[in-house]
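In this note's numbering, the protein residues as written are 553 to 1030.
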Ligand code: BES
Ligand code: ZN
Ligand code: ZN
């Protein structure tokens, strides 16, 4: 989707137009005759939210968002009503649409444009008739005269980043093994301007990343460890923000095999955290945000095989910690632990990891939000949560009490990799915290990263959850 800004007072006479506003807004504009305005007002009083007017040479759409009690909920209503309009626009084979907010509200207009762009995403690569299936809409013109180019460019960088992220998540493992994931990151780095270094198996062995190597033992493909960096000269921070993403390109559970129906079918999505980290790097580099950020993604698949690591094994991690593996399906924490240990080299001000880590997080709050926890100052968590509300990738903060660490005590090693029946997402977070010595936030995106049924502009399949959240957070740091 391409965004443009039109600063002229009025759209061309053949332009298709969307007028957005709320139920109290005045939709009297040069685009509607008195009769048409009367009809629009009648529809609005009947509680319609999408109204279509065929002016023969063009369409006028009126989209009405519900006004909610908080600003961020209202923004989400604009995104949602925009998403609803996408089907109609593509059915009419419209390629370009002019958007106006009749209240001259830029924030609401941008949210509307964002909702449209995100819901216009398609993953068509594997359809034989993909050309036929392709949405016609490819350009959105932001019409309100005072709209800034810079705001539009931020939205362009961000939505392109979400598209890239979703593409990676939707790609099946046969086209997205660890090396393919890493070379996708390299391509994104070239396109957006951040640096990408990929460690191969030999290098990973020499670094003694025992967690990543253990999970990789059952694989026929080598692991990768990708280091991405965006270090602008004008960076506002002296110590970097480090983002870490789980890059399990496919999770069978390993020898602790997952039951095939349901629990394995969509496990190509288990690299969503890694894809989100790369997507965020892409967005901030394209937007040129003045913040020093490092992205780390350990990647491998997790499979059973003659050589696979087994329940009962004891492994030694990158930082020297020994771990008794009691379930090979708790593999994400093993590869992330090595990355969190590696992050210490950067003397980071903050480390945030994103991972489709536990079914327990998904069971607790479903796909409605992100399960978050951490040991940072409350004010920092509040800032991140505020970004979560703003972009509607909400964070539910779980307790991160010390006592949960007791559940990870092993009989024969420093730690075991599972914590038992209770608080599965928290014990996973506590396991990861063991490998940190800096302010740390853990985000479990197992619920929202991949959707089996459509949910407004998040679509179906990979959602790109976390990219918009982190982009907003980093933008505020700048
Ligand atoms: N990748 C899964 C978690 C997951 C579940 C992601 C559902 C997305 C949707 C993770 O590796 C896993 O298998 N976790 C186990 C941990 C358990 C063995 C302690 C789980 O949650 O069951
Ligand atoms: Zn697993
Ligand atoms: Zn997993």
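Where a beta carbon is used, it is the ideal one built from N, C-alpha and C, also for glycine.
Residue of 882, 566, 898 minimising C-alpha distance to residue 911
By one-based count along the chain shown, residue 911 stands at place 359. Selected option, being the one with the closest Cα: 882.
Could you tell me if the beta carbon of residue 825 falls within a distance shorter than 7 Å of some heavy atom in ligand 1?
In the chain shown, the residue the question calls residue 825 occupies position 273. No.
For residue 797 versus residue 826, is the C-beta distance shorter than 8 Å?
The count along the chain shown starts at 1 and reaches residue 797 at position 245. The count along the chain shown starts at 1 and reaches residue 826 at position 274. Yes, the Cβ-Cβ distance between residue 797 and residue 826 is below 8 Å.
Can you find a C-beta in chain E that's less than 8 Å from the C-beta of residue 570?
Structure shown: chain E not included; a single protein chain is present.
Looking at residue 1014 and residue 568, is the spacing between their C-beta atoms short of 8 Å?
Looking up residue 568 in the chain shown gives position 16. Looking up residue 1014 in the chain shown gives position 462. No. Outside cutoff.
Unbroken stretches of the beta strand (DSSP E), 3 residues or longer, contained in the region 689-743
691-694
Just tell me which of 608, 642, 649, 659 has its CA closest to the CA of residue 630.
Walking along the chain shown from the start, residue 630 turns up at place 78. The shortest Cα separation from residue 630 among 608, 642, 649, 659 belongs to 659.
So does residue 969 have its beta carbon nearer than 7 Å to some heavy atom of ligand 5?
Absence of ligand 5 from the depicted structure is noted, with ligand 1, ligand 2 and ligand 3 being the only ligands included.
Please state whether DSSP places residue 868 in a helix, a strand or coil.
By 1-based counting over the chain shown, the position of residue 868 is 316. Correct three-state label for residue 868: strand.
For residue 885 versus residue 768, is the C-beta distance shorter than 8 Å?
As a position in the chain shown, residue 885 is number 333, starting the count at 1. As a position in the chain shown, residue 768 is number 216, starting the count at 1. Not in contact: residue 885 and residue 768 (Cβ atoms no closer than 8 Å).
So residue 930 is in the beta strand (DSSP E); what residue range does that whole segment cover?
The residue given as residue 930 occupies position 378 in the chain shown. Looking at the DSSP string, residue 930 is not in any beta strand (DSSP E); the run it does join, the alpha helix (DSSP H), is 930-943.
Residues in its own chain within less than 6 Å of residue 786 by CB, not counting five upstream and five downstream?
Along the chain shown, one-based indexing puts residue 786 at 234. If we look at residue 786 and ignore the five residues flanking it on each side, its Cβ neighbours are 842.
Could you tell me if the beta carbon of residue 1036 falls within a distance shorter than 7 Å of some heavy atom in ligand 3?
Past the boundaries of the shown model lies residue 1036; the chain is included only from 553 to 1030, so the question cannot be answered.
Beta-carbon distances below 5 Å to any heavy atom of ligand 3 define the shell here; list its residues in chain order, please.
800, 803, 822, 884
Between residue 857 and ligand 2, is there a pair consisting of the residue's CB and a ligand heavy atom that are separated by less than 7 Å?
Locating residue 857 in the chain shown gives position 305, counting from the first residue. No - ligand 2 has no heavy atom lying nearer than 7 Å to the Cβ of residue 857.
What would DSSP say about residue 562, mapped onto helix, strand or coil?
Indexing the chain shown from 1 puts residue 562 at position 10. Of the three classes helix, strand and coil, the one that applies to residue 562 here is coil, per DSSP.
Can you list, in chain order, the stretches of the alpha helix (DSSP H) that have 4 or more residues and sit fully within the region 946-1023?
955-958, 976-985
Within the continuous alpha helix (DSSP H) that includes residue 625, where are the two ends?
Counting from 1 along the chain shown, the entry for residue 625 is found at position 73. Unbroken alpha helix (DSSP H) run through residue 625: 623-643.
For residue 831, name the three-state secondary structure that DSSP assigns.
Position 279 of the chain shown, counting from 1, holds the residue named residue 831. Three-state DSSP puts residue 831 in a helix.
Between which two residues does the beta strand (DSSP E) holding residue 1043 run?
Since the first residue shown for the chain is 553 and the last is 1030, residue 1043 is missing from the structure and cannot be characterised.
At the level of alpha carbons, what is the spacing between residue 778 and residue 653?
Position 226 of the chain shown holds residue 778. Position 101 of the chain shown holds residue 653. Approximately 43 Å, taken between the alpha carbons.
Element boundaries [beta strand (DSSP E), containing residue 648]:
As a working mapping, residue 648 is identified with position 96 in the chain shown. Element bounds for residue 648: 648-653.
How about the region 697-713 and the region 807-816: do they share at least three Cβ pairs that are nearer than 8 Å?
no
For residue 766, name the three-state secondary structure that DSSP assigns.
Position 214 of the chain shown, counted from the start, is the residue given in the question as residue 766. Reduced to three states, the DSSP call for residue 766 is helix.
To the nearest whole angstrom, what separates the beta carbons of residue 563 and residue 650, a pair I think is in contact under 8 Å?
Mapped onto the chain shown, residue 563 falls at position 11. Mapped onto the chain shown, residue 650 falls at position 98. Indeed, because the Cβ distance is near 5 Å, the residues count as touching under 8 Å.
Is residue 664 helix, strand or coil by DSSP?
Position 112 of the chain shown holds residue 664. Three-state DSSP puts residue 664 in a helix.
For a test of your reading of the model: does the CB of residue 882 fall under 7 Å from any non-hydrogen atom of ligand 2? Yes or no.
Taking the chain shown and counting its residues from 1, one reaches residue 882 at position 330. Checking every heavy atom of ligand 2 against the Cβ of residue 882, one is found closer than 7 Å.
Three-state secondary structure (DSSP) at residue 683?
Against the chain shown, residue 683 aligns to sequence position 131. Three-state result, residue 683: helix.
State the CB to CB distance for the pair residue 845 and residue 793, rounded to an integer number of angstroms; the pair is presumed to be in contact (CB under 8 Å).
Along the chain shown, read from residue 1 onward, the residue named residue 845 stands at position 293. Along the chain shown, read from residue 1 onward, the residue named residue 793 stands at position 241. That pair is a contact at about 5 Å.
Assign residue 673 to one of three DSSP states: helix, strand, or coil.
Walking along the chain shown from the start, residue 673 turns up at place 121. Three-state result, residue 673: coil.
Can you tell me the Cα-Cα spacing of residue 860 and residue 572, whole angstroms?
Position 308 of the chain shown, counting from 1, holds the residue named residue 860. Position 20 of the chain shown, counting from 1, holds the residue named residue 572. Near 56 Å, if we compare the C-alpha coordinates of residue 572 and residue 860.
Among residues of its own chain, excluding the 5 on either side of residue 1010, which ones have a beta-carbon nearer than 7 Å to its beta-carbon?
In the chain shown, the residue the question calls residue 1010 occupies position 458. So the list reads 1003, once near-sequence residues are dropped.
Take residue 868 and list the residues in its own chain whose beta-carbon comes closer than 7 Å to its own, dropping the five residues that flank it on each side.
The residue given as residue 868 occupies position 316 in the chain shown. The answer, listed in chain order, is 762, 874.
Own chain, CB closer than 6 Å to residue 976, minus 5 neighbours either side, in chain order
The sequence position of residue 976 within the chain shown is 424, counting from 1. These residues qualify, in order along the chain: 910, 912.
Starting from residue 546, follow the alpha helix (DSSP H) in both directions and report where the run begins and ends.
Nothing about residue 546 can be read from this structure; the chain reaches only from 553 to 1030.
Please tell me whether residue 959 and residue 972 are closer than 8 Å, where the distance is taken between their beta carbons.
Looking up residue 959 in the chain shown gives position 407. Looking up residue 972 in the chain shown gives position 420. It is a contact, given that the beta carbons lie within the stated cut-off.
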